[in-house]
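Protein chains in written order, with the numbering used here: chain H, 104 to 488; chain Z, 1086 to 1296.
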């Protein structure tokens, strides 16, 4: 059986300069592309070491099959990797490998400086320190990293020679950097601002498109339907239905992650009854409960009561009131129709009432029905909290 | 003597409709589409009842209510709006409106509401009753004025019955009290809603916004 070769990472197909090696490394490590590129450039000034590593990596990797496999950028890890890279550079310097300190430092400063200025993904090493929403790198890692850095710097200082030489090189690099910032700073800044504005404009357009799509799917359809019907009752129901839907879309309450609420369930039932029976159902809710096995049964019982009110009450509307107090979850289904004489109903024809009461009793709740001839009927469902 | 009514709404089609509906029962003394004209004309005409929308440019209905209340305290405001959002409703009441109805209300009920506001009563739709119950639910801190920050049991009973869709007449019968008593309770609730410490209702409003 042939052994298959698994490459350390995949090279990028798009968004690359030469062969996508830097991008591939960036994607698999979870750091920003710009910084990896800067690292290669800086390493390149050490006798072409960067170029050599690049070539080797190019040879042993393949292009990615799909380009969206980037690992999420992890600023903490990026910070750690950044420190490690600095440590590596200092080690090379300590071993005497730097051909020309000024060259390496200037190249490094330029490369990383550009990366920092243009990196919009905010994932670079410094982002970990500056981004308030990211968790701070663990103290241990920070301490180890700073320790390594300090150790490396002191080795560097001692091997490079006199402190004076060291600071002269640093001064040269600092002045170069300052000159570049003064010369190109405003231009880079404007680029960033323009990019930001473009992004905002794009977001706005996307949102507008989303709103248009929703309105097209819902409101325009309903308005067309309303114009095609002669029946005022149907028009009213169509309009009401659309109104409820639009309100929910505009102001809708977000359900707790994955948890459905009793109030939402009741509103859905009410909307269905409105459409099916062409009768308005007014819903008022005070307080809420998540939907669980018991409240599900309560909603079913409420549905039964609503259907009954819509079908048989003869009234022009139905009211649904839900209230959660400390002791109870209560639901009232009220109609203002013809009502019925409770005493006159024979015990073997109690149908709906028995069904609703039995359901509530099974979950430890209770139900009661009150009716008055000519005034209406009210079904009360109660569930202890 | 006919009740003098003034209408304020920036939605012209709707304004024309309401005007046609109420023209026979009331004396429509004027209309306007914007806040500044409304304040100016109301101050001059001094109508009995003003029907006012919440959402208008330049401050909306609240700006009109506040602008007029200082100079013409006898004018009674009835908010008539598309919105049934708690924030809008509560804000209008606290600004000084004596009632809040939504634009889907049918003409007969609207007429009744205008009459009741004119008589000095508060108009509470079932939904508004629900909002009030929600707003006053929960513990009240001990050092705050219990009078304004709590509903009495009776007031809660009245509000619950209104929320369940009963008219004042039926509420009165179910509680074995007179209609006048029901109206008194509702007016008292209105007063509490208007004057209650900002802390309580602000907390409630914030909680709702988070949901």
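Ideal Cβ positions, reconstructed from N, Cα and C, are used throughout, including at glycine.
Here the structure is a predicted model, which is why all the values come from computation and not from measurement.
Please report whether the beta-carbon of residue i lies at a distance below 8 Å from any beta-carbon of chain Z.
{"i": "residue 344/H", "result": "no"}
{"i": "residue 372/H", "result": "no"}
{"i": "residue 398/H", "result": "no"}
{"i": "residue 439/H", "result": "yes"}
{"i": "residue 348/H", "result": "no"}
{"i": "residue 388/H", "result": "yes"}
{"i": "residue 385/H", "result": "yes"}
{"i": "residue 380/H", "result": "no"}
{"i": "residue 165/H", "result": "no"}
{"i": "residue 157/H", "result": "no"}
{"i": "residue 443/H", "result": "no"}
{"i": "residue 138/H", "result": "no"}
{"i": "residue 430/H", "result": "no"}
{"i": "residue 478/H", "result": "yes"}
{"i": "residue 435/H", "result": "yes"}
Is there at least one Cβ from chain H nearer than 8 Å to residue i's Cβ?
{"i": "residue 1211/Z", "result": "yes"}
{"i": "residue 1222/Z", "result": "yes"}
{"i": "residue 1225/Z", "result": "Here the model assigns residue 1225/Z a pLDDT of 46, short of 50, so the residue's position is not dependable, and the following value carries that caveat. Chain H, which has no Cβ nearer than 8 Å to the Cβ of residue 1225/Z, makes this no."}
{"i": "residue 1219/Z", "result": "yes"}
{"i": "residue 1272/Z", "result": "no"}
{"i": "residue 1294/Z", "result": "Note on residue 1294/Z: pLDDT 49, under 50, position unreliable in the model; the coordinate value appears next. Taking Cβ atoms only, chain H never reaches closer than 8 Å to residue 1294/Z, which makes this a no."}
{"i": "residue 1249/Z", "result": "yes"}
{"i": "residue 1170/Z", "result": "yes"}
{"i": "residue 1062/Z", "result": "Look at the range of chain Z in this structure, 1086 to 1296, and you will see that residue 1062/Z is not part of it."}
{"i": "residue 1215/Z", "result": "yes"}
{"i": "residue 1255/Z", "result": "yes"}
{"i": "residue 1277/Z", "result": "no"}
Where does residue i sit, in a helix, a strand or coil, going by DSSP?
{"i": "residue 238/H", "result": "In this prediction, residue 238/H has a pLDDT of 46, which is less than 50 and means its spatial position is unreliable; what the coordinates show is noted afterwards. It is coil, neither helix nor strand."}
{"i": "residue 1184/Z", "result": "strand"}
{"i": "residue 374/H", "result": "helix"}
{"i": "residue 159/H", "result": "helix"}
{"i": "residue 490/H", "result": "In the structure displayed, chain H extends from 104 to 488; residue 490/H sits before or after that span and is not available."}
{"i": "residue 167/H", "result": "coil"}
{"i": "residue 1103/Z", "result": "helix"}
{"i": "residue 364/H", "result": "strand"}
{"i": "residue 397/H", "result": "helix"}
{"i": "residue 1200/Z", "result": "helix"}
{"i": "residue 150/H", "result": "coil"}
{"i": "residue 314/H", "result": "helix"}
{"i": "residue 1143/Z", "result": "coil"}
{"i": "residue 320/H", "result": "helix"}
{"i": "residue 202/H", "result": "coil"}
{"i": "residue 392/H", "result": "coil"}
{"i": "residue 1258/Z", "result": "helix"}
{"i": "residue 445/H", "result": "helix"}
So if DSSP puts residue i in a beta bridge, which residue, or which two residues, is it bridged to?
{"i": "residue 424/H", "result": "387/H, 435/H"}
{"i": "residue 1253/Z", "result": "BP columns for residue 1253/Z are empty, so no partner."}
{"i": "residue 1091/Z", "result": "1115/Z, 1135/Z"}
{"i": "residue 1166/Z", "result": "1187/Z"}
{"i": "residue 1209/Z", "result": "1185/Z"}
{"i": "residue 1161/Z", "result": "1134/Z"}
{"i": "residue 483/H", "result": "435/H, 471/H"}
{"i": "residue 113/H", "result": "165/H"}
Is the CB-CB distance between residue i and residue j below 8 Å?
{"i": "residue 218/H", "j": "residue 138/H", "result": "yes"}
{"i": "residue 1202/Z", "j": "residue 1160/Z", "result": "no"}
{"i": "residue 376/H", "j": "residue 410/H", "result": "yes"}
{"i": "residue 393/H", "j": "residue 364/H", "result": "yes"}
{"i": "residue 1274/Z", "j": "residue 1256/Z", "result": "no"}
{"i": "residue 1198/Z", "j": "residue 1215/Z", "result": "no"}
{"i": "residue 416/H", "j": "residue 446/H", "result": "no"}
{"i": "residue 150/H", "j": "residue 124/H", "result": "no"}
{"i": "residue 126/H", "j": "residue 136/H", "result": "yes"}
{"i": "residue 1089/Z", "j": "residue 1120/Z", "result": "no"}
{"i": "residue 1250/Z", "j": "residue 437/H", "result": "yes"}
{"i": "residue 403/H", "j": "residue 331/H", "result": "no"}
{"i": "residue 134/H", "j": "residue 186/H", "result": "no"}
{"i": "residue 1207/Z", "j": "residue 1267/Z", "result": "no"}
{"i": "residue 1165/Z", "j": "residue 1138/Z", "result": "yes"}
{"i": "residue 391/H", "j": "residue 366/H", "result": "yes"}
{"i": "residue 380/H", "j": "residue 413/H", "result": "yes"}
State yes or no: is the beta carbon of residue i nearer than 8 Å to at least one beta carbon in chain A?
{"i": "residue 424/H", "result": "The question asks about chain A, but that chain is absent: this structure's protein chains are H and Z."}
Would you be able to state if there are at least three C-beta pairs under 8 Å between the segment 1096-1104 of chain Z and the segment 1145-1153 of chain Z? no
Would you check if there are 3 or more beta carbon pairs closer than 8 Å linking the segment 416-424 of chain H to the segment 455-462 of chain H? no
For the segment 296-313 of chain H against the segment 346-354 of chain H, are there 3 or more C-beta pairs whose distance is under 8 Å? no
Closer than 8 Å is the cut-off here; do at least three beta carbon pairs connect the segment 1177-1188 of chain Z with the segment 1264-1282 of chain Z? yes
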